[in-house]
Amino acid sequence: MINYIEFWRHGRAVECTGLENQQGCKPFRGSNPLASAMKNPRVRFAPSPTGYLHIGGARTALFNWLFAKQNNGKFLLRIEDTDLERSKDEYIDQITDALKWLGLNWDEDIVLQSKNNDRHQEMVAKMLKDGTAYKCFLQKEELDNLRKESEQRKEIFRVPQTFRNLSPEKEKALIEEGKSFTVRLKVPKGETEFNDLVYGSIKVQNKDLDDFIIARSDGSPTYNFVVAVDDADMKISHVIRGDDHLANTPKQILVYKALELDVPIFAHLPMILGSDKKRLSKRHAATNVQEYKEKGFTSKVILNYLSLLGWNPDSDKEIFDENELINSFQFKQVQKKSAVFDEKKLLWISQQHLSEMSVRDLMNEIYALNSGWGDGLEWEYLKEVVKLIKDRSKTITEIASMSEIFFTDKLDYDSDLLSKTYNDKSIAIIKDFKSALTSIENWSRVELENIFENLMEQHDVAIGQVMKPIRVALSGIPFGPGIFDLILLLGKDICQIRLRHTLSEVE
RNA sequence: GGCCCGUUCGUCUAGUGGUUAGGACUCAUGGUUUUCAUCCAUGCAACAGGGGUUCGAUCCCCCUACGGGCUGCCA
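Residues 0 to 506, numbered by numbering that gives the first Met the number 0, are exactly what the first sequence covers, in order.
Listed below in structure tokens is the structure:
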């Protein structure tokens, strides 16, 4: 078993045919019941539909997906919708939409946990029959009191095992009395150990676990029970999830063992924290995938950044596409400590991606975000617009918003900027520029350069002093595309309109 | 309280029983550029603390502190 764990931690299936002599990489043996599952691993992402897809959930999904793709396995989706109070159908759609947007497509049909209720009941019944679980007639109030008492006495609270070995007659009597009961797993003596792909060997004493409840007094099964049954039914070979489940894993292993099911391999991923080092929550700026989409990050950017939280590629490379991630991902490079989400770095990653994207792809991204973008304008014109501003943008929304200056005749000028930019001299410069434009013969870069040189001479100033007032008049912002590119793309008429408009504002 | 997990620059991280503890983001400074952005260069900045083991510990062991998770008839 250890060999397999080493195997999955360090190597990819294709590298480990058994012919290699790679360290930690042993060939499969047919005797292991999980061997076939391991060649084609089955993993799952199992969100609760109680909110939008969280950024941490997205990373969990991503790592599952990467592992499945890398090893020719299946990536499954299970919706844990058994909490009727909080689960909502609209969230199921939100989550699946977000996963689709990210490109984390799942194999096979979505499993709705709520549909497995009969199966869960069946398994509870089986455990009762097998004697691996028992009916506990301790009432909630009694339990609460006992807990309180031992707290007062500063003792460690343990659930009393009063009903562990109740005779059938007594049991029947209690039921006839109308006593309600929960079903508890009969935790065996000893210890439970497993080898986490990230955290290594984890061992707990079973006595610290208590006979935990697998079915409530209303008959509904509890999480730690259900998750094990469902994972087993779905033939999940590797359970990859957040490390908030680390401490629950031994309980789940006891369920597998009680039901004589194959225990999967576990890999727990460190949490993602906000800038205050607290668990990412609604207190933080943005926590769900949808928000980042709206902020203008492409799915590839999100995937790239998320992959770097809690994992490192064992090289200096930081910009990855999906295929590169699939090829590089390794559990042994996964961090044990939680990682802080840093939007600055996200922006940098985004910028790197944008600079490598084609104008056409960028335009598609812009349209996906805002279908009305550049309405009524020529495709070729829009292409030029994007070409001019793409290298100056960190996000898709930045491109979209900066492109606005190319979409109207008249601009809304910022009065502070105008008063800072214009004085008698700079007003004289744009006036001269305006008349030079009127008499321009060839609408070309060379011609424009000549005009600028003349203006510099006439007014005895450096190019910056010519450029700045013209730029502000034409674009309304003190930065942006090269001035000649700007003028050429806007065209003579719009330039004239904007110069006139500026003059009317400042004079 | 008990159990489990973690702790290298502000952030993401690399790293080894002997290193000037490396890279990336951020920030600062300088350079290139018609502005901005890019790009380049330089700089700031870390081994949580205390004990051991050792000739020598950031690295191995123990303790403490801090942080997180679990401890529920939530998932």
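Even glycine gets a Cβ: it sits at the ideal position worked out from N, Cα and C.
- Distance from the CA of Q120 to the CA of V226, rounded to the nearest whole angstrom, comes to 13 Å.
- Remark: fewer than three beta-carbon pairs, one from each stretch, lie closer than 8 Å, so the segment 453-465 and the segment 385-405 are not flagged as touching.
- Under the criterion of beta carbons closer than 8 Å, F405 and L473 do not qualify as touching, at roughly 10 Å.
- Residue environment: S327 is assigned as buried (16 or more neighbouring CB atoms within 10 Å of its CB, all protein chains considered).
- Scanning the segment 219-280 from its first residue to its last, the whole alpha helix (DSSP H) runs of 4-plus residues come out as 222-232, 248-257.
- Judged by DSSP in its simplified three-state form, A427 adopts helix.
- Take Y198, set aside five residues on each side of it, and the residues of its chain with a beta-carbon closer than 8 Å to its own are D242, L245, H267, K335, in chain order.
- In this structure, V186 places its C-beta atom within 8 Å of the C-beta atom of D209.
- A straight line joining the alpha-carbon of A338 with that of L279 spans about 10 Å.
- Residues T181, R183, T221 of the same chain have their beta carbon placed closer than 6 Å to that of I212, with the five preceding and five following residues left out of the count.
- Using a C-beta cut-off of 8 Å, the segment 83-93 makes no contact with the segment 271-278, since fewer than three inter-stretch Cβ pairs fall below that distance.
- Out of G177, E259, E403, the CA that lies nearest to the CA of G479 is found in E403.
- Under the three-state reduction of DSSP output, K343 falls in the helix class.
- Straight through space, the alpha carbons of E446 and L416 are spaced by roughly 28 Å.
- When secondary structure is reduced to three states using DSSP, A435 falls in the helix class.
- The criterion of a C-beta distance shorter than 8 Å is not satisfied by L111 and I155.
- For F330, no alpha helix (DSSP H) segment is defined, and its DSSP state is neither H nor E.
- Residue pairing by DSSP puts L184 in a beta bridge opposite A132.
- Distance from the CA atom of L324 to the CA atom of G56, rounded to whole angstroms, is 18 Å.
- In this structure, the beta-carbon distance from K294 to T394 falls below 8 Å.
- Of the candidates S113, C135, Y366, A399, the residue whose Cα lies closest to the Cα of P46 is S113.
- E364 counts as buried, since no fewer than 16 other beta carbons sit within 10 angstroms of its beta carbon.
- Looking at the DSSP output, K202 bridges to E192.
- Excluding five sequence positions before and after V254, the CB atoms of its chain that fall closer than 6 Å to its own CB belong to F224, A227, given in chain order.
- Burial state of G189 is exposed, judged by a 10 Å Cβ sphere holding fewer than 16 other Cβ atoms.
- In this structure the segment 409-423 does not lie against the segment 432-440, because fewer than three pairs of beta carbons, one per stretch, are closer than 8 Å.
- When only Cα atoms are considered, K491 and L454 end up about 18 Å apart.
- Between the C-alpha atoms of Y421 and H500 there is a straight-line separation of about 13 Å.
- With a cutoff of 8 Å on beta-carbon distance, N63 and I239 are scored as near each other.
- Between the alpha carbons of A172 and F162 lies a distance of about 13 Å.
- A399 counts as buried, since no fewer than 16 other beta carbons sit within 10 angstroms of its beta carbon.
- A contact is defined here as three or more CB-CB pairs under 8 Å, and the segment 375-386 meets this definition with respect to the segment 356-363.
- Assigned with DSSP and collapsed to three states, A338 falls in strand.
- Assigned with DSSP and collapsed to three states, L487 falls in helix.
- In terms of Cβ geometry, T248 and F265 form a close pair [threshold 8 Å].
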